[in-house]
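Engineer:
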Amino acid sequence: MIITLDPTASAEQIEELLRRFRRVGLSPAHEPGTQRVVVGTNDDELVAARLGLRGDPCIRSVATDALACPLVSRARRPEGSVVRIGTAGVGGERFLLVAGPCAVESLEQMRHSAQAVRRAGAHVLRGGAFKSRTSPYSFPGLGRDGLAILRQVGDEIGLPTLTEVVEVADVGAVAARADALQVGARNMYNARLLAALGRCGRPVVLKRGMAASVEDLLLAAERLALAGNEEIVLCESGIRTFETATRNTLDLCAVPWLKSRSHLPVLVDPSHGTGRRELVAPMARAAAACGADGIMVEVHPDPDQALSDGEQALTPAEFEALVRGLAPVVAAVGRTL
Ligand code: PEP
Ligand code: MN
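This is the structure:
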């Protein structure tokens, strides 16, 4: 780390600062008369926090090359993490396919969706019971009835389930009925929800907020890990840009960026990332090519009748075609479906 001293710092204060580093076994380099102190450490942020450097009046700034996210950083687990969602693993050799409708609408719709995605090779069934929608007039989901349907269908079909949780009060109920919990884009900054998920006992799929930087996403993951839950899967699902041809701009640069800095697995959601059915399969292939650990795709038995996100949902046949087209790309990057 590089410390810039405050111009008012006295020689005694500087000497005391250097002693503090030496007491914890570090060797600070400081040329008398200059305002820089350089210290080599393996964990800049931890040292900065332990020594209280950022509150020190004789220090103007502390520059570290690491993000303040020691728990989720790649350095902590250079080999990467495999997170288990029921019987499925994400982050290993297998490229994970999460698929299902945006929202649980009925038992019949969920059964039909589940059969279709399993036939095509999906590993995890998705479906929202609690929806966080932008418009107050949009379908908000079936709530607890939707959770029960998702659980019933997941059990019938033999697929682990993923569903969104939107508020702290529902964490227990959702964790009791789903194999993994999703934090939606609108809730990525919700510190209370992340803290509550720290003790939920289920893996969490954490979606990048639509106006969140990749650093903010990692810091949200760090908050979750600090709260006690390290079973985290990151998910890039598009950000808001000046581009209006697509619902969001799918930021695939985020994938290798996140993979290089964090040990957590990374999913890509080309459905919300593009908002357009015809773009989902090409972006799914691109996600596999750039190193994602899997994709999450919305599939509906009859997209034109869907109560939410129908314009980006694939039909069962389109999802099957997506998986077929994905196979050679997944093989080319040394993974399996
Ligand atoms: C979804 O997955 O259907 C969804 C609504 O996600 P988000 O809340 O991240 O938009
Ligand atoms: Mn959706």
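Residue numbers for the sequence shown follow the working numbering, beginning at 5 and rising by one. We treat Cβ as the ideally placed atom computed from N, Cα and C, and that holds for glycine. Source: prediction; values computed, not measured.
1. What would DSSP say about Gly329, mapped onto helix, strand or coil?
2. As an exercise, report each continuous alpha helix (DSSP H) stretch of at least 4 residues that is fully enclosed by the region 46 to 76, in chain order.
3. Nearest to Gln156 by CA position, among Leu283, Val175, Met114 and Pro36, is which residue?
4. For ligand 2, I want to know if Glu302 counts as a neighbour, meaning its beta carbon is within less than 7 Å of at least one of the ligand's heavy atoms.
5. Could you name the residues of the same chain whose beta carbon sits closer than 7 Å to that of Val175, not counting the 5 residues immediately before and after it, in chain order?
6. Would you say the region 123 to 133 touches the region 98 to 105, given that touching needs at least three Cβ pairs under 8 Å?
7. As an exercise, report each continuous alpha helix (DSSP H) stretch of at least 4 residues that is fully enclosed by the region 225 to 265, in chain order.
8. Do Asp313 and ligand 2 come close, with the Cβ less than 7 Å from some heavy atom?
9. Span of the beta strand (DSSP E) holding Arg122?
10. Within its chain, find whatever has a CB closer than 8 Å to the CB of Arg26; leave out the 5 residues flanking it on each side and keep chain order.
11. Grouping DSSP H, G and I as helix and E and B as strand, with all else coil, what is His380?
12. To the nearest angstrom, report how far apart Ile352 and Ala182 are at their CA atoms.
13. Nearest to Asp273 by CA position, among Arg265, Ser266, Leu197 and Arg289, is which residue?
14. Rounded to whole angstroms, what's the CA-CA distance from Val41 to Val218? Just pull it up for me.
15. Starting from the C-beta of Glu97, find all residues in its chain whose C-beta is less than 8 Å away, skip the five residues before and the five after it, and write them out in chain order.
16. Let me confirm a value: Val327 is counted as buried when at least 16 other C-beta atoms fall within 10 Å, else exposed. Which label applies?
17. Using only the alpha-carbon positions, how far apart do Val259 and Ala15 sit?
18. Among Ala179, Ala215 and Ala225, whose alpha-carbon lies nearest the alpha-carbon of Ala195?
19. From Asp47, Thr45 and Ile63, pick the residue whose C-alpha is nearest to that of Glu20; which is it?
20. Measuring CB to CB, does Leu318 end up less than 8 Å from Arg281?
21. Please return the same chain residues whose Cβ sits closer than 7 Å to the Cβ of Glu112, not counting the five positions on each side in sequence.
22. Work out the CA separation of Gly59 and Thr253 for me, nearest whole Å.
23. Would you mind stating whether Thr80 and Arg265 have Cβ atoms separated by less than 8 Å?
24. Give me whichever residues DSSP pairs with Val169 in a beta bridge.
25. Determine whether the beta carbon atoms of Met287 and Cys239 lie at a separation below 8 Å.
26. How would you call Ile243, buried or exposed, if buried means at least 16 neighbouring beta carbons within 10 angstroms?
27. Hey, quick one: how far does the beta strand (DSSP E) through Gln186 stretch, first residue to last?
28. List the whole-angstrom C-beta distance separating Asp297 from Pro269, where the pair is believed to meet the contact cut-off of C-beta under 8 Å.
29. Look at Pro320 and Pro307 and say whether their C-beta atoms are less than 8 Å apart.
30. Between His34 and ligand 2, is there a pair consisting of the residue's CB and a ligand heavy atom that are separated by less than 7 Å?
31. Go through its chain and collect everything with a Cβ distance to Glu160's Cβ below 8 Å, but skip five positions before and after it.
32. What residue ranges within the region 190 to 222 form continuous alpha helix (DSSP H) runs of no fewer than 4 residues, ordered along the chain?
33. Is it the case that the Cβ atoms of Ala189 and Ser241 are separated by a distance below 8 Å?
34. Is Cys106 near ligand 2, going by C-beta to nearest heavy atom under 7 Å?
Structural biologist: By the coordinates alone:
1. Numbered from 1 along the sequence shown, position 325 holds the residue referred to as residue 329. Three-state result, Gly329: helix.
2. 48 to 54
3. Locating residue 156 in the sequence shown gives position 152, counting from the first residue. Of Leu283, Val175, Met114 and Pro36, the residue nearest in Cα terms is Met114.
4. Position 298 of the sequence shown, counted from the first residue, corresponds to residue 302. Yes - ligand 2 has a heavy atom lying nearer than 7 Å to the Cβ of Glu302.
5. By one-based count along the sequence shown, residue 175 stands at place 171. Around Val175: Val169, Ala200, Leu201 and Cys204.
6. yes
7. 258 to 265
8. Position 309 of the sequence shown holds residue 313. Checking the Cβ of Asp313 against ligand 2 gives yes.
9. Taking the first residue of the sequence shown as position 1, residue 122 is located at position 118. Per DSSP, Arg122 belongs to no beta strand (DSSP E); it is in the alpha helix (DSSP H), Leu111 to Ala124.
10. Position 22 of the sequence shown, counting from 1, holds the residue named residue 26. The answer, listed in chain order, is Pro32.
11. Outside the displayed span of the chain (5 to 341) sits residue 380, for which this structure offers no information.
12. The structure shown does not extend to residue 352, since the chain is modelled only from 5 through 341, so no value can be given for it.
13. On the sequence shown, residue 273 is found 269 positions in, with the first residue counted as 1. If we check each option's Cα against that of Asp273, Arg289 comes out closest.
14. Working through the sequence shown from its first residue, we reach residue 41 at position 37. Working through the sequence shown from its first residue, we reach residue 218 at position 214. The straight-line gap from Cα to Cα measures roughly 29 Å.
15. Here residue 97 refers to the residue found at position 93 of the sequence shown. Only Gly338, Arg339 and Thr340 meet the Cβ criterion.
16. Position 323 of the sequence shown, counted from the first residue, corresponds to residue 327. Classification of Val327: buried, given that the 10 Å Cβ count is 16 or more.
17. Sequence index remark: in the sequence shown, residue 259 carries index 255 (1-based). Sequence index remark: in the sequence shown, residue 15 carries index 11 (1-based). Cα to Cα, the separation comes out at about 46 Å.
18. Within the sequence shown, the letter at position 191 stands for residue 195. Among Ala179, Ala215 and Ala225, the Cα nearest to that of Ala195 is on Ala225.
19. The residue labelled residue 20 in the question sits at position 16 within the sequence shown. The shortest C-alpha separation from Glu20 is found at Ile63.
20. As a first step, residue 318 must be located in the sequence shown, where it is residue number 314. As a first step, residue 281 must be located in the sequence shown, where it is residue number 277. Going by C-beta atoms, Leu318 is nearer than 8 Å to Arg281.
21. Within the sequence shown, the letter at position 108 stands for residue 112. Nothing meets the Cβ criterion.
22. Translated into the one-based positions of the sequence shown, residue 253 becomes position 249. Translated into the one-based positions of the sequence shown, residue 59 becomes position 55. Computed Cα separation, rounded: 39 Å.
23. If you number the sequence shown from 1, residue 80 lands on position 76. If you number the sequence shown from 1, residue 265 lands on position 261. Inspection of the sequence shows that residue 80 is occupied by Arg rather than by Thr. It is not a contact, given that the beta carbons lie outside the stated cut-off.
24. One-based indexing of the sequence shown puts residue 169 at position 165. Its beta-bridge partners do not exist; DSSP assigns none.
25. Walking along the sequence shown from the start, residue 287 turns up at place 283. Walking along the sequence shown from the start, residue 239 turns up at place 235. Cβ atoms of Met287 and Cys239: not closer than 8 Å.
26. Sequence index remark: in the sequence shown, residue 243 carries index 239 (1-based). With 16 or more other Cβ atoms within 10 Å, it is buried.
27. For this step, residue 186 is matched to residue 182 along the sequence shown. Gln186 -> beta strand (DSSP E) spans Ala184 to Val187.
28. Along the sequence shown, read from residue 1 onward, the residue named residue 297 stands at position 293. Along the sequence shown, read from residue 1 onward, the residue named residue 269 stands at position 265. About 4 Å; that satisfies the 8 Å criterion.
29. Sequence index remark: in the sequence shown, residue 320 carries index 316 (1-based). Sequence index remark: in the sequence shown, residue 307 carries index 303 (1-based). The answer is no: Cβ separation not under 8 Å.
30. Residue mapping note: residue 34 aligns to position 30 of the sequence shown, counting from 1. It does not: the Cβ of His34 is nowhere closer than 7 Å to a heavy atom of ligand 2.
31. Here residue 160 corresponds to residue number 156 of the sequence shown, with the count starting at 1. These residues qualify, in order along the chain: Arg115 and Ala118.
32. 195 to 201
33. Numbered from its first residue, the sequence shown carries residue 189 at position 185. Numbered from its first residue, the sequence shown carries residue 241 at position 237. Closer than 8 Å, so yes.
34. One-based indexing of the sequence shown puts residue 106 at position 102. Yes, the Cβ of Cys106 comes within 7 Å of a heavy atom of ligand 2.
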